[in-house]
Amino acid sequence: KFILHVRDPRQCFLSNYYRMHGIGDWYDRRVYYNQLPLDYEQMSFEQHMDWHIENVYEHYWVKWIEEWFDIATTPSNGFQIKIVTYEDFMVQPLDYFQGIGEFFDLDWSGYTDEDLLINDLKYKTEVGGRVDFWRQKLTAEQVEKVQSLTPDSLLEKFGWKR
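Heads up: the sequence shown is residues 18 to 179, going by our numbering.
Below is the structure:
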């Protein structure tokens, strides 16, 4: 048994951008993507977003979710996989954790609701738990591009809005 936790890839890639920029320098960022251009540190935020959309968005974010969803929903694969979403976590965090506990047959009777909802994020960013901040941060052209790279079928599977 395992959990497949997914997030709208349009927001996820932006959140990861802030995460990777919250650590170190260009060398440290190569841990995320070793094909970063040599002039990456001199690029503007808009240029960064263009690079991420063109070079990593579809492969690292969209295709990853699609491939894992296929594995998780193929009964003959021998796995028991519970699919959960970041968006569900943000709307009903207690239900999110209780559902995971039920899936793993965990006895959480010794825990209070507050125990399950402790929130001590190490890396706080401008994204701050928002689920569609990408709509505000990207240019109209970038929004159009990520929309074109995000299949309707993926959005429908998880209830993510176009």
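No residue lacks a Cβ here, since even glycine has one placed at the ideal position from N, Cα and C. As the structure is a computational prediction, the values presented were derived from the model and not from experiment.
H22 - partner residues in DSSP beta bridges
For the purposes of this step, residue 22 is taken as the residue at position 5 of the sequence shown. H22 pairs with V101.
Please go through the same chain and pick out, in chain order, the residues whose beta-carbon is closer than 6 angstroms to the beta-carbon of P110, but skip the five residues on each side of it.
Position 93 of the sequence shown, counting from 1, holds the residue named residue 110. Here the set comprises L134.
Going by C-alpha to C-alpha distance, which of M60, V148, I70 and D112 sits closest to E131?
Residue 131 sits at position 114 when you count from the first residue of the sequence shown. Checked all of M60, V148, I70 and D112; the closest Cα to E131 is D112.
Residues in the same chain with beta-carbon distance under 6 angstroms from W85, minus the five sequence neighbours each way, listed in chain order, please.
The count along the sequence shown starts at 1 and reaches residue 85 at position 68. Only L21 meet the Cβ criterion.
Please classify P92: does DSSP put it in a helix, a strand, or coil?
For the purposes of this step, residue 92 is taken as residue 75 along the sequence shown, with counting starting at 1. P92: helix per DSSP, three-state reduction.
Nearest residue (CA-CA) to E104, options W81, H69, L172 and Q159:
Translated into the one-based positions of the sequence shown, residue 104 becomes position 87. Put simply, of W81, H69, L172 and Q159 the residue whose alpha carbon is nearest the alpha carbon of E104 is L172.
Coil, strand or helix - Q64 by DSSP
Here residue 64 corresponds to residue number 47 of the sequence shown, with the count starting at 1. Helix.
When you compare each of F19, V23 and K18 to T102 by their alpha carbons, which one comes out closest?
Here the question's residue 102 lines up with position 85 in the sequence shown. Here the closest residue by C-alpha is V23.
Between which residues of its own chain and F62 is the CB-CB distance below 7 angstroms, once the five residues before and five after are set aside?
Here residue 62 refers to the residue found at position 45 of the sequence shown. Hits under 7 angstroms: none found.
Taking 8 angstroms as the limit between beta carbons, can you name the residues of its chain near W43, skipping five residues before and five after?
Reading the sequence shown from its first residue, position 26 is the one you call residue 43. Residues of the same chain with a CB within less than 8 angstroms of the CB of W43, apart from the 5 flanking positions on each side, are L53, Y57 and E58 in chain order.
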